[in-house]
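Notes to accompany the following structure.
Number of protein chains: 2
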Amino acid sequence: MKRIGSYTIQYENNPLIAGFGSVVGKKESEGPLSQWFHKKEIDTKLGCETWEQAESKMQSEAIELALERATMKENDVQVAFGGDLLNQCISTSYSLRGFGIPFLGQYGACSTMVQSLIMAGIMVDCNFADIALAVTSSHFCSAERQYRFPLEYGGQRTPTAQWTVTGSGAAIVAKQGNPICLKHCTIGKVTDMGITDINNMGAAMAPAASDTIKSYLWDTGTLPSDYDLILTGDLGKTGSELLRELLLKENTDISERHNDCGMMIYDIERQDVHSGGSGCGCCASVLCSIILEKMCRHELNNILVIATGALMSPTSNQQGESIPGIAHLIHLQTQ
Amino acid sequence: MKRIGSYTIQYENNPLIAGFGSVVGKKESEGPLSQWFHKKEIDTKLGCETWEQAESKMQSEAIELALERATMKENDVQVAFGGDLLNQCISTSYSLRGFGIPFLGQYGACSTMVQSLIMAGIMVDCNFADIALAVTSSHFCSAERQYRFPLEYGGQRTPTAQWTVTGSGAAIVAKQGNPICLKHCTIGKVTDMGITDINNMGAAMAPAASDTIKSYLWDTGTLPSDYDLILTGDLGKTGSELLRELLLKENTDISERHNDCGMMIYDIERQDVHSGGSGCGCCASVLCSIILEKMCRHELNNILVIATGALMSPTSNQQGESIPGIAHLIHLQTQ
Numbered sequence: 005m006k007r008i009g010s011y012t013i014q015y016e017n018n019p020l021i022a023g024f025g026s027v028v029g030k031k032e033s034e035g036p037l038s039q040w041f042h043k044k045e046i047d048t049k050l051g052c053e054t055w056e057q058a059e060s061k062m063q064s065e066a067i068e069l070a071l072e073r074a075t076m077k078e079n080d081v082q083v084a085f086g087g088d089l090l091n092q093c094i095s096t097s098y099s100l101r102g103f104g105i106p107f108l109g110q111y112g113a114c115s116t117m118v119q120s121l122i123m124a125g126i127m128v129d130c131n132f133a134d135i136a137l138a139v140t141s142s143h144f145c146s147a148e149r150q151y152r153f154p155l156e157y158g159g160q161r162t163p164t165a166q167w168t169v170t171g172s173g174a175a176i177v178a179k180q181g182n183p184i185c186l187k188h189c190t191i192g193k194v195t196d197m198g199i200t201d202i203n204n205m206g207a208a209m210a211p212a213a214s215d216t217i218k219s220y221l222w223d224t225g226t227l228p229s230d231y232d233l234i235l236t237g238d239l240g241k242t243g244s245e246l247l248r249e250l251l252l253k254e255n256t257d258i259s260e261r262h263n264d265c266g267m268m269i270y271d272i273e274r275q276d277v278h279s280g281g282s283g284c285g286c287c288a289s290v291l292c293s294i295i296l297e298k299m300c301r302h303e304l305n306n307i308l309v310i311a312t313g314a315l316m317s318p319t320s321n322q323q324g325e326s327i328p329g330i331a332h333l334i335h336l337q338t339q
Numbered sequence: 005m006k007r008i009g010s011y012t013i014q015y016e017n018n019p020l021i022a023g024f025g026s027v028v029g030k031k032e033s034e035g036p037l038s039q040w041f042h043k044k045e046i047d048t049k050l051g052c053e054t055w056e057q058a059e060s061k062m063q064s065e066a067i068e069l070a071l072e073r074a075t076m077k078e079n080d081v082q083v084a085f086g087g088d089l090l091n092q093c094i095s096t097s098y099s100l101r102g103f104g105i106p107f108l109g110q111y112g113a114c115s116t117m118v119q120s121l122i123m124a125g126i127m128v129d130c131n132f133a134d135i136a137l138a139v140t141s142s143h144f145c146s147a148e149r150q151y152r153f154p155l156e157y158g159g160q161r162t163p164t165a166q167w168t169v170t171g172s173g174a175a176i177v178a179k180q181g182n183p184i185c186l187k188h189c190t191i192g193k194v195t196d197m198g199i200t201d202i203n204n205m206g207a208a209m210a211p212a213a214s215d216t217i218k219s220y221l222w223d224t225g226t227l228p229s230d231y232d233l234i235l236t237g238d239l240g241k242t243g244s245e246l247l248r249e250l251l252l253k254e255n256t257d258i259s260e261r262h263n264d265c266g267m268m269i270y271d272i273e274r275q276d277v278h279s280g281g282s283g284c285g286c287c288a289s290v291l292c293s294i295i296l297e298k299m300c301r302h303e304l305n306n307i308l309v310i311a312t313g314a315l316m317s318p319t320s321n322q323q324g325e326s327i328p329g330i331a332h333l334i335h336l337q338t339q
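Protein chains in written order, with this note's numbering: chain C, 5 to 339; chain S, 5 to 339.
What follows is the structure, given as structure tokens:
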């Protein structure tokens with residue numbers, strides 16, 4: 005592992021994605037990426053008593069799918085990184101309870117999938133682990149209950165509001181596996197532009213994404229056109245537009261290469277999701293389905309994934325605090 | 005960095021503790037460790053409007069103390085790891101917002117200080133960072149409000165209940181610094197013995213501590229008597245007794261060497277704290293004061309620190325879930 009420039013790490017020992025799995029709910033199964041997901045759960049509770057347990061179960065299923073597809077067993081995995089949006093990250097703790105894997109809980113809000121992948125890559129690159137796991141999830145019902153209103157309340161949504169994805173993604177990083185290699189990563193800083201509207205998370209997170217992308221391009225001396233895809237996690241329509249504008253001001257045009265998991269996972273008009281999808285599970289389920297599948301097939305070969313998180317809580321928001329954002333980046337390349 | 009046995013990492017490039025700082029509240033200032041803390045805040049709100057903001061400010065103060073004592077500036081630090089007990093870890097996000105340091109949020113409940121220190125050590129050991137930061141905090145008032153009852157309710161506490169420490173600790177890991185070296189670490193697994201009593205967290209966490217200590221001793225082929233001190237984070241009186249019993253059943257007697265930050269920070273009888281202190285800030289403030297100070301003076305030379313976390317939430321508890329525990333271990337040695 006080697007530091008490049010001010011903020012970027014270069015993996016030196018070719019950590020590879022050995023397996024990955026995605027599980028989504030009903031609405032996501034009805035969206036444009038339907039065919040790419042490995043498992044679709046039509047029952048919102050997955051047969052559990054609560055939405056929180058259902059979210060945990062979805063994570064366990066994603067881990068099992070990733071293990072199966074890597075032809076590995078849980079005992080082969082030496083360390084797991086993961087987290088979620090629920091208070092005290094219970095989806096992940098209760099999911100990992102079912103596996104005997106040493107575990108370091110991560111909290112990066114919706115940036116957690118890339119954060120966990122960065123850490124899994126570091127552990128493999130540095131020879132602590134031969135095999136490491138990254139996992140995260142979100143669930144529309146558990147998130148709405150915790151962050152916004154009881155579902156029964158039926159509140160109106162603003163045009164900038166996003167829809168929390170019911171989904172989970174898990175990826176296994178190892179010394180051997182698919183020809184998808186972790187090449188670089190850039191760890192983001194907490195960025196705050198003073199946004200206080202919890203219905204406009206995209207705007208709160210876009211400056212962080214802009215900052216991290218700029219740092220990465222500067223550190224590596226590369227251009228947006230060097231990549232097949234620059235994929236953000238869940239900025240949605242509003243946040244994506246803002247990100248492109250912010251970067252244009254710095255003479256960096258990503259518009260030809262940019263897409264956003266939150267805009268890919270739903271048919272925004274038809275499915276009435278306003279600005280698009282959000283939640284830890286948004287980036288996780290899109291990355292661990294269509295994106296990594298297309299890399300396996302060499303339809304995508306050189307991509308940047310930037311997951312963004314809004315580091316607020318209902319308490320901080322009620323107390324009038326603004327919403328800080330963070331964005332972490334990982335560079336994946338086929339071999 | 006090298007893997008030893010099944011669960012333990014050996015740091016190979018001598019990451020050192022370059023600086024550390026501790027800040028505590030009024031009750032902690034009146035306890036037996038008073039003289040060791042670097043800063044004492046008598047005002048519960050530290051001049052802020054809310055307890056949550058006060059907790060964030062306490063973290064910022066601990067970071068500044070650690071930087072100052074390491075004769076470093078925030079720009080020197082290349083990555084920060086930290087977390088706390090509040091929903092969405094807001095104490096840490098808002099504290100780190102004030103520093104321009106790349107940040108990876110950690111969630112290990114009360115095990116967060118050791119978890120963050122493990123990660124900071126890994127980043128320095130692997131040459132990603134020359135200087136890395138670990139920080140965490142807890143605050144009695146913000147924790148009570150979130151986890152238990154409004155303070156005004158004045159509920160009775162059970163004998164096994166613990167008292168959340170108002171405190172923060174920060175440590176800087178670097179290639180140069182004090183002669184305190186990170187030698188090994190062991191990452192714990194989620195362990196669940198079916199405890200459901202949220203007033204007996206010690207019992208929920210002791211099995212995890214026992215499991216991690218056993219793994220470490222086995223992996224390194226060492227004995228409790230090889231260490232000056234085996235320090236747990238916040239098991240309190242009840243949890244500490246249980247830990248010793250659990251290890252005795254495995255023919256491992258730590259009683260001559262064991263102490264617990266939660267029992268050290270208060271005069272349990274005089275200060276009426278029942279089973280002792282708890283919270284992320286318990287282990288952090290004790291480690292980053294008396295313990296590291298005594299290592300600087302070579303009064304302690306070879307210690308194990310095991311911080312434990314209870315990975316539940318009020319929601320999971322209300323839903324009848326048991327309380328999973330986790331414990332991470334770090335081995336520190338003077339040079």
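Beta carbons are placed, not taken as given, at the ideal position from N, Cα and C, and that holds for glycine.
Model, not experiment: these values are computed from the prediction.
Proximity of chain C to Y220/S at the Cβ level (cut-off 7 Å) is not reached, the minimal Cβ distance being about 12 Å.
The CB of E56/S comes closer than 9 Å to the CB of S317, T319, S320, Q323, E325 in chain C, given here in chain order.
D129/S and I135/S have their C-alpha atoms spaced approximately 10 Å apart. In this structure, A174/S places its C-beta atom within 7 Å of the C-beta atom of I67/S.
In this structure, V27/S is the residue among S326/S, K49/S, V27/S, K31/S with its C-alpha nearest to the C-alpha of W40/S. Within the same chain, D232, M299, Q337, T338 come within 8 Å of N305/C by CB-CB distance, once the 5 residues on both sides are set aside. With respect to the 7 Å criterion, T140/S and G87/S are classified as neighbours on the basis of their beta carbons. In this structure, G35/C lies near I269/C, with their beta-carbon atoms less than 7 Å apart. Contact annotation: the region 215-231 of chain S does not touch the region 18-25 of chain S, with fewer than three C-beta pairs closer than 8 Å. In terms of beta-carbon proximity, V169/C stays away from the interface with chain S, with every pair separated by 7 Å or more.
When S60/S, L221/S, S326/S, T319/S are compared, the shortest CA-CA separation from G171/S is found for S60/S. Closest in alpha carbon position to M62/S, among D264/S, I126/S, S97/S, D80/S, is S97/S. Rounded to the nearest angstrom, the gap between the Cα atoms of L308/S and A288/S is 14 Å. DSSP, read as helix, strand or coil, puts N17/C in coil. The three-state reading of DSSP puts D88/C in strand, counting E and B together. When DSSP states are grouped into helix, strand and coil, C52/S belongs to the coil group.
Note that the C-beta distance between S115/C and A311/C is below 7 Å. Scanning chain C for C-beta atoms nearer than 9 Å to the C-beta of L250/S yields nothing, as the closest lies near 18 Å away.
For the region 219-287 of chain C, the full-length alpha helix (DSSP H) segments reaching 4 residues or more read 240-253, 265-268 along the chain.
The straight-line gap separating the alpha-carbon atoms of E148/S and C284/S is approximately 14 Å.
The criterion of a C-beta distance shorter than 7 Å is not satisfied by D238/C and C292/C. In the same chain as M197/S, and ignoring 5 residues on each side of it, the C-beta atoms closer than 6 Å to its own belong to P211, in chain order. Judged by DSSP secondary structure, S38/C falls outside any alpha helix (DSSP H); it is assigned neither H nor E. Looking at the DSSP output, S141/C bridges to D88/C, S172/C.
Contacts with chain C (Cβ-Cβ distance below 7 Å) from the region 223-245 of chain S involve no residue at all. In chain order, S97, Y98, R101 make up the part of chain S whose C-beta sits under 8 Å from the C-beta of P328/C.
Excluding the 5 residues flanking it on each side, Q180/S has same chain C-beta neighbours closer than 7 Å at L20, A22, in chain order.
Comparing C-alpha distances from I330/S to each of A84/S, T236/S, N263/S shows the shortest one belongs to T236/S. For N91/S, the CB contacts under 8 Å within the same chain, skipping 5 residues up- and downstream, are Q150 in chain order. Within the region 60-83 of chain C, those residues whose Cβ lies closer than 9 Å to any Cβ of chain S are, in chain order, Q82, V83. Within its own chain, the residues whose Cβ lies closer than 8 Å to the Cβ of G104/S, once the five positions on either side in sequence are excluded, are E78, N79, listed in chain order. According to the DSSP secondary-structure assignment, Q110/S is paired through a beta bridge with Q110/C. Around the beta-carbon of R101/S, 16 or more other beta-carbon atoms lie within 10 Å, marking it buried. Considering only N255/S, R261/S, G280/S, the residue with the shortest C-alpha distance to G243/S is G280/S. Neighbours of G112/C across chain S, judged by C-beta separation under 8 Å: L108, G109. Counting only Cβ-Cβ distances below 7 Å, Y11/S has contacts in chain C at P106, in chain order.
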